[in-house]
Structure formats: C-alpha cells, structure tokens
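Participant:
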Amino acid sequence: MSNPGQISPLRPVTRHVTGHNAAGKAIIHASSPGEWKSFEAKDMAFDVVYTTSQFPADLNNDADLAAHEQVVQSDQLGLVNPRGTVCRIVDFAPNNKCIVHRTQSLDYGIVLEGEIEMLVEEGEPVRMKRGDIAIQRATMHGWHNTSDTEWARMVFVLQDCQPLTVGGTTMKEELGIATGVLNPSGNDQ
Numbered sequence: 005m006s007n008p009g010q011i012s013p014l015r016p017v018t019r020h021v022t023g024h025n026a027a028g029k030a031i032i033h034a035s036s037p038g039e040w041k042s043f044e045a046k047d048m049a050f051d052v053v054y055t056t057s058q059f060p061a062d063l064n065n066d067a068d069l070a071a072h073e074q075v076v077q078s079d080q081l082g083l084v085n086p087r088g089t090v091c092r093i094v095d096f097a098p099n100n101k102c103i104v105h106r107t108q109s110l111d112y113g114i115v116l117e118g119e120i121e122m123l124v125e126e127g128e129p130v131r132m133k134r135g136d137i138a139i140q141r142a143t144m145h146g147w148h149n150t151s152d153t154e155w156a157r158m159v160f161v162l163q164d165c166q167p168l169t170v171g172g173t174t175m176k177e178e179l180g181i182a183t184g185v186l187n188p189s190g191n192d193q
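Start counting the sequence shown at 5; every next residue gets the next number (the numbering used here).
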C-alpha cells in the first residue's frame, strides 16, 4: 500500500496540480504520487509537495511549474526556499528523535494524522492533535511524536521572511543535529 520511498504505514498521498487549457478553462495539469526521502534512520520522511521561488508566485506560462522542477532537480533545497515557499509533508515515526532547529521563515504546521508535541526553548511542550495548527515564527523549535506505536503526519508551508532581529541579535537558521545532513536554506545571508 505504500508509495515507493514512503517509509511510514500512513496512507499514501497524491499531488494534484491544476492549470488552464488554451480556452482558459480549469484542468488537472498533473497528478503524481508523493516522492519521499527518509531522514534520521527512517524515523522521519519528507515529501516536498510544491515550491515557489518568488513571492508572489508567477503562474504565467507555467513559470511556477518550471521553477519547482528546477528546485527539486537541483537537490539543493533546504528547509526554506529563499524568496519563495515550500509545502512539505513530514511523517514522524513513533518515539522519533526530536530535532530542535530554527528556520528563517514563517511556517504553518498542521497535524494531519496522530499527535505530536511542539517544543520551544521556554515553557512546556504543547501536545497537538489532528487539525491543530502551529504558526512558527523563526523560533527555535522541535517536533516529537511521543506515541509508542502510531506514526504522526504534518503538513508544513514554509515562507521565507525578512531577517528577524531580537534584542539586537539577528536570528539565523540553526539545523541542530541535522547540520550536514540537510542542505542549508541559504536565506539568512
């Protein structure tokens, strides 16, 4: 039942991209299964659903489709796409390792399956259930599936943001234990 490359037992995902025909009528441009990459000894898997490389996106002559394909084929995408957006699905194994990190981005994280804890530097972890949404604003944070048996799935939409300065310090991307494993985003230069 899994898609090739998918490591979790959760339902496979299919991406449906719309477009227009020559008469300007809406069509389904393409449908394709998720393309998963495992991380952290298969405790986590990513599926990059879509990216944009500028904001606002340019949909004319399918420029966004070409830009997305170029980003994916480059194999250089970090967590954030500079000057653009990333829509990514992440599956978390039971008792996965919590990877604490910071991205220079404004992120919407929505729990699709299971439950997950959101950790930040100060305060107690927040347990998030299906349908809950985190608005992550360039903070140091982490995600931890505390279940002993069930996988969790989240969808994230990451948007590049202006440099954030707090107390005179400019915040930078920090990948924690994922440094050297994940590509740096390069949007905090």
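Think of the CB as a built atom: it goes at the ideal place given N, C-alpha and C, for glycine as much as any other residue. Given the structure is predicted, the values throughout are model-derived calculations rather than measurements.
Please state whether DSSP places Ser35 in a helix, a strand or coil.
Facilitator: strand
Participant: Taking 8 Å as the cut-off, does the segment 68-87 touch the segment 145-155 (at least 3 CB pairs, one atom from each stretch)?
Facilitator: no
Participant: How big is the Cα-Cα spacing for Asn187 and Thr107?
Facilitator: 12 Å
Participant: What are the boundary residues of the alpha helix (DSSP H) that Ser78 is part of?
Facilitator: Taken as a continuous stretch (DSSP letters only), the alpha helix (DSSP H) holding Ser78 covers 67-78.
Participant: Mapping the DSSP letters down to three states, classify Ser6 as helix, strand or coil.
Facilitator: Only weak support is given to the placement of Ser6: the predicted model assigns it a pLDDT of 44, under 50, and the question is left unresolved by the model.
Participant: Which residues mark the beginning and the end of the beta strand (DSSP E) in which Gln163 is found?
Facilitator: 156-164
Participant: With DSSP as the reference, please indicate the residues paired to Gln140 in a beta bridge.
Facilitator: Asp111
Participant: Counting pairs of beta carbons, one from the segment 119-135 and one from the segment 49-58, are three or more of them closer than 8 Å?
Facilitator: no
Participant: Considering only the beta carbon of each residue, do Thr89 and Gln140 sit closer than 9 Å?
Facilitator: no
Participant: Would Asn17 pass as a contact of Ile93 if the rule is Cβ separation under 9 Å?
Facilitator: For clarity, residue 17 is Val in the given sequence; the question names Asn instead. In this structure, Ile93 lies closer than 9 Å to Val17 by Cβ.
Participant: Within the same chain, show all residues whose beta-carbon is closer than 8 Å to that of Leu14, passing over the 5 residues directly before and after it, in chain order.
Facilitator: Within the same chain, Leu14 has close Cβ partners Asp95, Glu117, Trp155, Arg157.
Participant: How many angstroms separate the CA atom of Gly1 from the CA atom of Ile137?
Facilitator: Since the first and last residues shown for the chain are 5 and 193, residue 1 lies out of range.
Participant: Counting along the chain, where does the beta strand (DSSP E) carrying Arg92 start and finish?
Facilitator: 89-96
Participant: Does DSSP put Ile181 in a helix, in a strand, or in coil?
Facilitator: Helix.
Participant: Classify Gln10: buried if its beta carbon has 16 or more other beta carbons within 10 angstroms, exposed otherwise.
Facilitator: buried
Participant: Cα separation between Asn149 and Pro98?
Facilitator: About 6 Å.
Participant: Given this structure, state the Cα-to-Cα distance separating Ser6 from Ala45, to the nearest angstrom.
Facilitator: The predicted position of Ser6 is uncertain, since its pLDDT is 44 and thus under 50; no value can be drawn from it.
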